[in-house]
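Chains C and P, in that order, are what the protein sequence lines are.
In terms of numbering that gives the first Met the number 0, the first sequence is residues 0 to 174.
In terms of numbering that gives the first Met the number 0, the second sequence is residues 0 to 122.
Reading through the structure tokens given below for one structure.
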Amino acid sequence: MSNDELVVNVLENSNYDEVSPSLTEFVRTYIEKLVSDISLYVDSSIVVENISTVDKYKASQELSQDITGIPSAYSAIDGEPAVLTQFAEQYSKLGIDSFDALAKEALLDFLNLHNGLFIVLLSKLNICELSLDPPKQNEYLDITTEVNGKITIIPVRFSFGVVKFLLYELPGSLI
Amino acid sequence: MSKKDIKLLVCDDSILARKSITAMLNSFGYDNIIEVSNGEDAVNRYKEEKPDVVFLDIVMPVKDGITATREIREFDHEAKIVVISSVGTQTHLREVIKAGAKDFIQKPVDKDLLKQILDNNLE
């Protein structure tokens with residue numbers, strides 16, 4: 000099965016078709032590219048669980064990266080430390096076995112790689128030209144959206160647990 | 000010049016990326032590698048060490064890779080700079096070329112391409 004077929008297959012088995020009409024093209028493209036990048040660089044045996052949108056999101060740590068330009072967006076990774084540790088190891092193959100600085104670096108490296116490939120895709124499709132800020136990590140994550148803003152949560156199940164990917168497309172910057 | 004005399008500078012804010020690029024360069028037989036994590040340190044170390052080839056990321060804290068490329072080239076018009084980044088958009092590629100970089104490698108780094116570009120820059 001090609002990677003494109005795998006992406007279609009993974010998304011067909013999720014609620015993607017149901018929720019996609021309410022999502023912008025930017026968010027839909029992000030989700031499709033995310034599934035593709037995870038299957039290429041982390042693990043192809045994945046299931047996308049129910050994609051949802053929320054107004055607020057809190058987490059015990061922030062592992063994020065801003066996508067800048069028009070539109071601009073905030074992206075982040077969240078999950079249980081043990082699961083994030085496994086994800087970091089599966090991606091980096093560096094022998095990571097605890098949720099330490101190296102594990103967080105690996106998670107941010109994946110986020111940076113995926114976001115970079117995502118904006119390259121948008122550029123190739125002549126949709127828009129965006130840039131990235133350096134990835135950041137902080138102790139707490141507390142996002143409250145602006146009016147009409149929605150944070151899209153993309154939960155991806157691996158054999159070792161669920162990793163949540165967050166994307167908040169900033170209102171006012173939509174194309 | 001033998002491989003042991005060649006000095007390379009790798010600049011990326013990601014420890015993983017630095018480890019990965021350095022490991023590839025080591026496997027090509029190059030051991031004299033300076034690692035830094037932002038564009039400002041890259042400019043400063045370039046001025047001190049005058050490496051033969053510089054590998055620079057674009058998205059970095061303190062000073063980005065495009066600004067660092069421009070500053071290194073202002074200091075040394077012969078500087079050989081290869082930009083390695085995940086953000087290979089049309090706009091970024093134009094900026095990279097305008098700043099004076101010799102080549103661009105899209106992440107994730109292809110080892111054969113890295114070797115080919117390094118060899119070309121060392122000729």
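Glycine is no exception: its CB is placed at the ideal position from the N, C-alpha and C atoms.
Linking residue 89 of chain C to residue 39 of chain C through their CA atoms gives a straight-line distance of about 12 Å.
The shortest C-alpha to C-alpha distance from residue 151 of chain C to any of C:81, C:103 and C:33 is the one to C:33.
The Cβ atoms of residue 66 of chain C and residue 131 of chain C lie closer than 7 Å to each other. Under the three-state reduction of DSSP output, residue 88 of chain P falls in the coil class, being neither helix nor strand. Within chain P, not a single residue places a beta-carbon under 7 Å from that of residue 65 of chain C; the smallest gap is close to 10 Å.
Between residue 160 of chain C and residue 85 of chain C, the beta carbon gap of about 7 Å places them in contact (Cβ cut-off 8 Å). Within the segment 132 to 161 of chain C, complete beta strand (DSSP E) segments of at least 3 residues are found at 135 to 137, 140 to 143 and 150 to 157, given in chain order. DSSP, read as helix, strand or coil, puts residue 21 of chain P in helix.
In the DSSP annotation of this structure, residue 29 of chain P is not part of any beta strand (DSSP E), being labelled neither H nor E. Judged by DSSP secondary structure, residue 54 of chain P falls within the beta strand (DSSP E) whose first and last residues are 52 to 55. Here residue 55 of chain P is near residue 82 of chain P, since their CB atoms are less than 7 Å apart. Residue environment analysis places residue 115 of chain C among the buried positions, since at least 16 neighbouring C-beta atoms fall within 10 angstroms of its C-beta. By alpha-carbon distance to residue 104 of chain P, the top candidate from P:97, P:41, P:34 and P:113 is P:113. Taking C-alpha positions only, residue 90 of chain P is separated from residue 58 of chain P by approximately 14 Å.
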